[in-house]
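In the working numbering, the protein residues as written are 6 to 402.
In this text, a Cβ means the ideal position worked out from N, Cα and C, and glycines have one as well.
Accompanying notes for the structure given below.
Encoded structure:
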């Protein structure tokens, strides 16, 4: 999650990724082309005589373009503004909570709190990627504080899980985001379902978004299991103190200020909205995109582009998804600040077109439909033989 390695909607599925072996040593010659109209300098690569292009040089050319355009510079002013706005929103919710007192209108504030906490989680995510400050330590302090003390999830757990995802998106056996949990993301996993679980798995596409209502609670539980578990946790006691303080004070205030039934309803609505919003922001970006075999040797540029789906940008999606709608660009340049992603997308699209790398982008609603259809297709294998694996099909197996 610390940054990249050294350094258009599509009517059909992305083409087979370029796979190389250690014995191959394709070379290419970088060429610099100035683009008119004040646009950033675009660095392209020219294949050698045998037609092969060095994948490392391809990515280096793209990285040079965005760096020369100043898109990797920190935008701390943006993040201070976002943090200030969210603190004001949180203050408004607290004020409303006090003024409303014993009223079922409190549930509206609970929903608003779930939304605001998700926005805080976006900031924690960006700090974990070193997008906010130049200093890694400052980013860690900000990320840990936002995640543990504001949102109530473990920063260490998130860092470990999310780093593995970025290194191997949609790679079978390596990406934790496609590991089997309640939902199966591969036909092989779905085929192991039995009984009532198999019945649910066959309908998991339709059940996916309702199940996200439980994801908020699940994220909190993962955090506590991590910090109180036996595995290595950076700043364990700091995280324990923050998590216990945050969750303890939150529950104490809610159950002290509201009648018992209303307090449970408040917490339930807040957790439900938080989980649904988090899942609806992260799920559209990879679910239904190609899965890669564990042993596949796919270069960094194609591994990130072919497994990611960007969401068509509007002011709403930029705010709603916290920059995650620029998923291809986020995976190519994980330490790029959110305000720079829109300009980076223009460069990345042109670069992918030049190098004949399929770039996938769709609308938000269509991305949700794709997720539902894909999960339902996977679920057909529940309790029986799996269908042909998309990853295997991509490699002609």
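Taking the beta carbon of residue i as the centre, do at least 16 other beta carbons fall within 10 Å, making it buried, or is it exposed?
i: residue 208; result: exposed
i: residue 370; result: exposed
i: residue 127; result: buried
i: residue 231; result: buried
i: residue 110; result: exposed
i: residue 261; result: exposed
i: residue 257; result: exposed
i: residue 182; result: buried
i: residue 162; result: buried
i: residue 122; result: buried
i: residue 103; result: exposed
i: residue 292; result: buried
i: residue 85; result: exposed
i: residue 308; result: buried
i: residue 136; result: buried
i: residue 82; result: exposed
i: residue 263; result: buried
i: residue 215; result: exposed
If I measure Cβ to Cβ from residue i and keep anything under 7 Å in the same chain, skipping five residues before and after, which residues do I get?
i: residue 19; result: A caution first: residue 19 carries a pLDDT of 36, below 50, which makes its placement in the model unreliable, though a value can still be read off. Only 295, 311, 363 and 365 meet the Cβ criterion.
i: residue 388; result: 198, 199 and 203
i: residue 299; result: 176, 177, 178 and 179
i: residue 125; result: 91, 151, 155 and 156
i: residue 27; result: For residue 27, the pLDDT reaches just 35, beneath the cut-off of 50, and the residue's location in the model is therefore unreliable, although a value from the coordinates is still provided. None.
i: residue 268; result: 259 and 260
i: residue 217; result: 280, 281, 284 and 285
i: residue 139; result: 79
i: residue 2; result: Since the first residue of the chain shown is 6 and the last is 402, residue 2 is not available in this structure.
i: residue 322; result: 316, 330 and 369
i: residue 238; result: 161, 231, 232 and 244
i: residue 101; result: 114
Give the range of the alpha helix (DSSP H) segment to which residue i is assigned.
i: residue 213; result: 209-216
i: residue 336; result: 332-337
i: residue 153; result: Per DSSP, residue 153 belongs to no alpha helix (DSSP H) and is neither H nor E.
i: residue 275; result: 265-287
i: residue 3; result: This structure cannot speak to residue 3, because the chain is shown only from 6 to 402.
i: residue 370; result: 369-384
i: residue 168; result: 160-172
i: residue 231; result: 220-232
i: residue 356; result: 346-359
i: residue 329; result: Per DSSP, residue 329 belongs to no alpha helix (DSSP H) and is neither H nor E.
i: residue 206; result: 200-206
i: residue 193; result: 192-196
i: residue 310; result: 305-311
Sorted by chain position, which residues of the same chain lie with C-beta nearer than 6 Å to residue i's C-beta, five sequence neighbours on each side aside?
i: residue 119; result: 275, 278 and 279
i: residue 288; result: 376
i: residue 195; result: 189, 206, 383, 384, 386 and 387
i: residue 356; result: 67
i: residue 222; result: 276
Please return the same chain residues whose Cβ sits closer than 8 Å to the Cβ of residue i, not counting the five positions on each side in sequence.
i: residue 78; result: 342 and 345
i: residue 272; result: 115, 256 and 259
i: residue 159; result: 152, 153, 227, 228, 229, 231, 232, 238, 244 and 248
Contact check, residue i vs residue j under 8 Å by CB: the rounded distance?
i: residue 349; j: residue 76; result: 5 Å
i: residue 72; j: residue 153; result: The pair is not a contact, with the Cβ atoms about 33 Å apart (cut-off 8 Å).
i: residue 337; j: residue 353; result: 6 Å
i: residue 315; j: residue 332; result: 5 Å
i: residue 340; j: residue 210; result: About 34 Å separates the two Cβ atoms, so there is no contact after all.
i: residue 98; j: residue 117; result: 6 Å
i: residue 174; j: residue 313; result: 7 Å
### Query
Considering only residues of the segment 89-144, which uninterrupted alpha helix (DSSP H) runs meet the minimum length of 4 residues and lie entirely inside it, listed in chain order?
111-133
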